[in-house]
Amino acid sequence: MKGEIMKYLIICILFLMFFSCNKNNSDILPDYDYFDLSNYFPLQIGNSWIYEMENIGEWAILQRTIVDTIRNNERQLLYKAKWGILNYPPDSYLFEYYYWNNSGLNKYSCGIEDTCKNTTGEILPPYLELIIKSPVYEGEKWNRGPEWLTSERLVEFSILDSLVIYNKVSSTICDTIFYNVAVISYTNTTSNETVNTYEYYAPNFGLINYYTISETDTVYQLRLLDYKIE
């Protein structure tokens, strides 16, 4: 009888040890489908990106540069970016404010005058967006910003193994290959027409391509021309 009891106890102990080990191992195994994108938009002061823009026949060279850091009322560190047409007067630029938190990369802006006020001085809420959700599962969808909740525009994430970009810099062609490129896309249906937008981000680099396609044509595109990453 004692032998049977001891045998039973040993089996129970071995079972508990096996279950415990398996549980601990499963807790520390990485989830390769859950992507941390926190380095896909570097925000160091001095970082700068220059893009060629085409928009329904119009053409321009745009530049985004991280110019400063500030803290908001909650003491959150924000990175201030200057964004606009290159070599235009200063008042043609917008200022954007970026920060990473547990949700991902956030951005807000208040228009050209950067005041978040209307013409009568009334304070208005800034335009808020969750640009990049991180971490995120491939195929996961999220609302990019409060203004989008009623427009049925959901952002969807996917990732590419590599992407070749042809940079036109100083009249030369440079082939640049980016690996593990994050693709963020969304669809907007207006006037019975479906419009799709695709954004491509590279690790330690930022936005490298952006284009919007209607049912008949590419209506807006940003192509990376030059950059400076600190």
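To convert, take the position in the sequence shown, counting from 1, and add 605; that gives the working numbering.
Ideal Cβ positions, reconstructed from N, Cα and C, are used throughout, including at glycine.
All values derive from a computational prediction rather than experimental measurement.
Beta-carbon proximity check, residue 643 vs residue 710, cutoff 9 Å: yes
Span of the beta strand (DSSP E), counted from its first residue to its last, around residue 670: 663-676
Residues near residue 655 by beta carbon distance below 6 Å, same chain, minus five either side: 668, 830, 831
C-alpha gap between residue 703 and residue 793, whole angstroms: 24 Å
Residue 762 and residue 784 closer than 9 Å at C-beta: no
For residue 737 and residue 806, believed in contact at Cβ under 8 Å, the rounded distance: 7 Å
Residues of its chain near residue 734, where Cβ-Cβ distance is below 6 Å and the 5 sequence neighbours each way are ignored: 712, 749, 750
Where residue 697 sits in the DSSP three-state scheme: helix
Close Cβ partners of residue 824 (< 6 Å) along its chain, the five nearest in sequence each way excluded: 661, 817
Residues bridged to residue 782 [DSSP beta-bridge criterion]: 769
Per-residue burial, residue 686 [other beta carbons within 10 Å of its own, 16 or more giving buried]: buried
Pairwise C-alpha distance: residue 833 and residue 788: 22 Å
Same chain, Cβ closer than 7 Å to residue 677, neighbours up to 5 away in sequence not counted: 683
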